[in-house]
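Chemist: Sharing a structure below in C-alpha cells format, with a few things to ask.
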Amino acid sequence: MSVNPFALRGRDHPAGHLSPFPGKGSEESGLYVDVGGASARFARFTEEFTPPDAAAGRGRLVVVTGDSGSGKTSLVDRCVDWLGRAAAERGWQAPAVDLREAEAVALGTADRVRLVFRRLVASLAEEGAVPRRWVEELRVHEDDPPSGYRALGRVVLEQRRFAVVLLPSCELPMELREYARLATPGVVLFLESSYPEVEREAESPPSEGRVLHLRMGRLGADDVRRFVEQRLRGRPPGTVPEISDEAMEAVVRTAPHLATVRQVQMLLHEMFDRAIAESRTTVTYRDFLEYWNAKDLTR
Numbered sequence: 005m006s007v008n009p010f011a012l013r014g015r016d017h018p019a020g021h022l023s024p025f026p027g028k029g030s031e032e033s034g035l036y037v038d039v040g041g042a043s044a045r046f047a048r049f050t051e052e053f054t055p056p057d058a059a060a061g062r063g064r065l066v067v068v069t070g071d072s073g074s075g076k077t078s079l080v081d082r083c084v085d086w087l088g089r090a091a092a093e094r095g096w097q098a099p100a101v102d103l104r105e106a107e108a109v110a111l112g113t114a115d116r117v118r119l120v121f122r123r124l125v126a127s128l129a130e131e132g133a134v135p136r137r138w139v140e141e142l143r144v145h146e147d148d149p150p151s152g153y154r155a156l157g158r159v160v161l162e163q164r165r166f167a168v169v170l171l172p173s174c175e176l177p178m179e180l181r182e183y184a185r186l187a188t189p190g191v192v193l194f195l196e197s198s199y200p201e202v203e204r205e206a207e208s209p210p211s212e213g214r215v216l217h218l219r220m221g222r223l224g225a226d227d228v229r230r231f232v233e234q235r236l237r238g239r240p241p242g243t244v245p246e247i248s249d250e251a252m253e254a255v256v257r258t259a260p261h262l263a264t265v266r267q268v269q270m271l272l273h274e275m276f277d278r279a280i281a282e283s284r285t286t287v288t289y290r291d292f293l294e295y296w297n298a299k300d301l302t303r
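According to the working numbering, the residues represented by the sequence shown are 5 to 303, in order.
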C-alpha cells in the first residue's frame with residue numbers, strides 16, 4: 005500500500021510546523037529537513053547561548069523572522085530543545101511555557117503585553133511549573149509586566165532555573181521593543197514574526213546585546229532538491245511512488261515562486277496524492293502541471 009511521504013502524521017492537512025526534536029517527545033524527527041539556512045541560524049543560537057546559564061542570566065530576546073511557512077517555528081522548537089538539554093548538563097533547569105497558540109486580540113501594545121503576561125502566570129500555575137508561592141508573587145505584578153518579568157527572573161535564578169517563554173507572533177516593531185526591554189536576567193523570550201517592519205526593527209534592536217535576530221531565508225533550488233530527496237530516502241520499495249526525473253526537475257525549478265517549506269510541502273503532497281489515488285507507481289510531470297496550473301502559482 006502506497007503512503008504519501010509528504011503527509012504529516014496525524015494531520016488532515018500537509019501544512020503546519022514540525023516539532024521534530026526528541027525533547028518534545030515528537031515522532032516527527034525523521035521528517036525535518038535542514039533548508040532555508042536553518043542550520044546556520046541554529047549554530048549561531050548555540051554559540052550565543054553557550055554556556056546557557058550565563059546567557060540566560062543576562063536576559064535575552066530571540067527574534068526569528070521570515071516568510072510565513074519558512075520554518076520559523078521549527079527553528080524555535082529546535083533551539084528550545086537544545087537549550088533545555090544544555091542547561092540540564094550544567095545542573096540547571098529551563099522550563100518552557102508555550103504561549104504561541106494564544107488567541108490574537110486587537111489591543112494596543114501595552115495592553116497586549118499585559119495580557120500575555122497574565123496568560124504566562126496562568127500557564128505557570130496550571131502546569132505546576134513553579135511552586136505555588138511563586139505564582140502568588142507573580143500575580144501581584146499582573147498589571148505591571150516589567151516588575152513581573154523581573155520578579156520571575158529573580159525567583160527562577162534562585163533555584164538554578166531560567167524561564168523560557170515562547171510568545172505569540174509579533175506584528176508591530178513597538179511590541180518587539182517592549183519585549184527587548186522585558187528580557188530581564190533569568191528570562192529568555194522567543195518571538196516570531198513574518199512582518200518586514202518587525203524584521204527591520206530586529207536588525208537594529210534598542211537593547212544592545214540583549215536581542216538575537218535569526219532570519220529564515222527563502223528556499224533555493226538546492227534546498228528544494230534536498231527536501232524532496234531526504235523525504236524519499238530510505239523508504240521501503242513499493243511503499244511510496246517514485247518521482248520521475250522530469251517531475252523532479254519541475255519541482256526544483258519552482259524555487260523562485262515557492263519560497264517556503266510549507267509551499268513546497270503542499271505542492272508535493274498534492275502531486276503524490278494524485279498518483280496514489282490513481283494507483284500509479286510514479287509521480288509524473290502531469291501531476292505537477294495539474295497542481296501548478298490550478299493554483300496559477302506564477303503570479
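Note that CB positions come from ideal geometry on N, CA and C, so glycine has one too. Small disclaimer: the values here were computed from a predicted structure and weren't measured.
Ordered along the chain, which non-local residues of its own chain (more than five positions away) have a Cβ less than 7 angstroms from that of Asp16?
Modeler: The sequence position of residue 16 within the sequence shown is 12, counting from 1. Bear in mind that the predicted position of Asp16 carries a pLDDT of just 46, short of 50, making it unreliable; the figure below should be weighed with that in mind. There are no such residues.
Chemist: Skipping 5 residues on each side, what residues in its chain have a beta carbon closer than 7 angstroms to that of Thr188?
Modeler: Within the sequence shown, numbered from 1, the residue matching residue 188 stands at position 184. Hits under 7 angstroms: Gly63, Tyr153, Arg154, Gly157.
Chemist: Going by other Cβ atoms of all chains shown within 10 Å of its Cβ, with 16 needed for buried, is His273 buried or exposed?
Modeler: On the sequence shown, residue 273 is found 269 positions in, with the first residue counted as 1. Buried, by the Cβ-count rule.
Chemist: Report all residues from its chain with a CB closer than 7 angstroms to the CB of Ala59; omit the five preceding and five following residues, and keep chain order.
Modeler: As a first step, residue 59 must be located in the sequence shown, where it is residue number 55. Hits under 7 angstroms: Glu52, Phe53.
Chemist: Quick check: what's the CA-CA separation for Val117 versus Asp102?
Modeler: Counting from 1 along the sequence shown, the entry for residue 117 is found at position 113. Counting from 1 along the sequence shown, the entry for residue 102 is found at position 98. Taking the straight line joining both Cα atoms gives about 15 angstroms.
Chemist: Can you grab the Cα-Cα spacing for the pair Leu171 / Val120, in whole Å?
Modeler: Here residue 171 corresponds to residue number 167 of the sequence shown, with the count starting at 1. Here residue 120 corresponds to residue number 116 of the sequence shown, with the count starting at 1. Between Leu171 and Val120, the C-alpha separation is close to 8 angstroms.
Chemist: List in chain order: all unbroken alpha helix (DSSP H) runs of 4+ residues lying wholly within the segment 52-82.
Modeler: Correct list: 56-62.
Chemist: Short of 6 angstroms in beta carbon distance, which residues of its chain neighbour Val66, apart from the five on each side in sequence? Order them along the chain.
Modeler: In the sequence shown, counting from the first residue as 1, residue 66 sits at position 62. Taken in chain order, the residues that qualify are Phe194, Leu216.
Chemist: Spatial neighbours of Cys83 within its chain, please: C-beta separation below 6 angstroms, excluding the five flanking residues on both sides.
Modeler: Residue numbering aside, residue 83 sits at position 79 when the sequence shown is read from its first letter. Here the set comprises Phe49.
Chemist: If contacts are defined as beta-carbon pairs under 8 angstroms, then Leu79 and Phe46 qualify, I think. What distance do you get, rounded to the angstrom?
Modeler: Reading the sequence shown from its first residue, position 75 is the one you call residue 79. Reading the sequence shown from its first residue, position 42 is the one you call residue 46. Confirmed, Cβ separation roughly 7 angstroms.
Chemist: DSSP on Asp148, reduced to helix/strand/coil?
Modeler: Residue mapping note: residue 148 aligns to position 144 of the sequence shown, counting from 1. Three-state result, Asp148: coil.
Chemist: Tell me the DSSP bridge mates of His217?
Modeler: Translated into the one-based positions of the sequence shown, residue 217 becomes position 213. Paired residue(s): Val67.
Chemist: Can you tell me whether Ala167 is helix, strand or coil according to DSSP?
Modeler: In the sequence shown, counting from the first residue as 1, residue 167 sits at position 163. Of the three classes helix, strand and coil, the one that applies to Ala167 here is strand, per DSSP.
Chemist: Would you call the CB atoms of Leu271 and Tyr289 closer than 8 angstroms?
Modeler: To locate residue 271, count along the sequence shown from 1; it is residue 267. To locate residue 289, count along the sequence shown from 1; it is residue 285. No; because the gap between Cβ atoms is not below 8 angstroms, this pair is not in contact.
Chemist: Measuring straight from C-alpha to C-alpha, what distance separates Arg222 and Gly112?
Modeler: As a first step, residue 222 is located in the sequence shown; it is residue number 218 there, counting from the start. As a first step, residue 112 is located in the sequence shown; it is residue number 108 there, counting from the start. C-alpha separation (whole angstroms): 31 angstroms.
Chemist: Check the DSSP bridge columns for Asp226 and list the partner residues they point to.
Modeler: Counting from one through the sequence shown, the residue named residue 226 turns up at place 222. In the DSSP output, where bridge partners are listed per residue, Asp226 has none listed.
Chemist: Between which two residues does the beta strand (DSSP E) carrying Glu282 extend?
Modeler: Mapped onto the sequence shown, residue 282 falls at position 278. Neither: Glu282 is in no beta strand (DSSP E) and is coded neither H nor E.
Chemist: Could you pull the start and end residues of the beta strand (DSSP E) that Leu193 belongs to?
Modeler: Locating residue 193 in the sequence shown gives position 189, where the first residue counts as 1. 191-197 is the extent of the beta strand (DSSP E) around Leu193.
Chemist: Please name the residue or residues paired with Gln97 in a DSSP beta bridge.
Modeler: As a working mapping, residue 97 is identified with position 93 in the sequence shown. Arg165.
Chemist: Which partner residues of Glu246 appear in the DSSP bridge assignment?
Modeler: As a working note, residue 246 is residue 242 in the sequence shown. The partner list for Glu246 (beta bridge, DSSP) reads Thr286.
Chemist: Which term fits Glu179, buried or exposed, when burial requires 16 or more other beta carbons within 10 angstroms of its beta carbon?
Modeler: By 1-based counting over the sequence shown, the position of residue 179 is 175. Buried, because 16 or more other Cβ atoms sit within 10 Å of the Cβ of Glu179.
Chemist: Using DSSP's beta-bridge definition, name the partner residues of Asp102.
Modeler: On the sequence shown, position 98 is the one that residue 102 refers to. BP columns for Asp102 point to Leu170.
Chemist: Would you identify the three-state DSSP class for Ala11, choosing helix, strand or coil?
Modeler: For the purposes of this step, residue 11 is taken as the residue at position 7 of the sequence shown. Three-state result, Ala11: coil.
Chemist: Taking the alpha-carbon positions, what's the Ala90 to Glu131 distance?
Modeler: Sequence index remark: in the sequence shown, residue 90 carries index 86 (1-based). Sequence index remark: in the sequence shown, residue 131 carries index 127 (1-based). Each residue's alpha carbon lies about 22 angstroms from the other.
Chemist: Indicate whether Pro99 and Ala11 have their beta-carbon atoms separated by less than 8 angstroms.
Modeler: Mapped onto the sequence shown, residue 99 falls at position 95. Mapped onto the sequence shown, residue 11 falls at position 7. Not closer than 8 angstroms, so no.
Chemist: Which two residues bound the contiguous alpha helix (DSSP H) that contains Val120?
Modeler: Looking up residue 120 in the sequence shown gives position 116. Val120 -> alpha helix (DSSP H) spans 113-131.
Chemist: Just the Cα atoms here: how many angstroms apart are Glu203 and Ser197?
Modeler: What you label residue 203 is simply residue 199 of the sequence shown in a count that begins at 1. What you label residue 197 is simply residue 193 of the sequence shown in a count that begins at 1. One C-alpha to the other measures close to 7 angstroms.
Chemist: Let's see if you can read the secondary structure: which residues bound the alpha helix (DSSP H) around Val139?
Modeler: The count along the sequence shown starts at 1 and reaches residue 139 at position 135. 136-143 is the span of the alpha helix (DSSP H), which, as asked, contains Val139.
Chemist: With a 10 Å radius around its C-beta and 16 neighbouring C-beta atoms as the bar for buried, classify Asp291 as buried or exposed.
Modeler: In the sequence shown, residue 291 corresponds to position 287, counting from 1. Counting Cβ neighbours within 10 Å, Asp291 comes out buried, since at least 16 surround it.
Chemist: From Leu124, Ser248, Ser43, pick the residue whose C-alpha is nearest to that of Met275; which is it?
Modeler: As a first step, residue 275 is located in the sequence shown; it is residue number 271 there, counting from the start. Comparing Cα positions, the closest option is Ser248.
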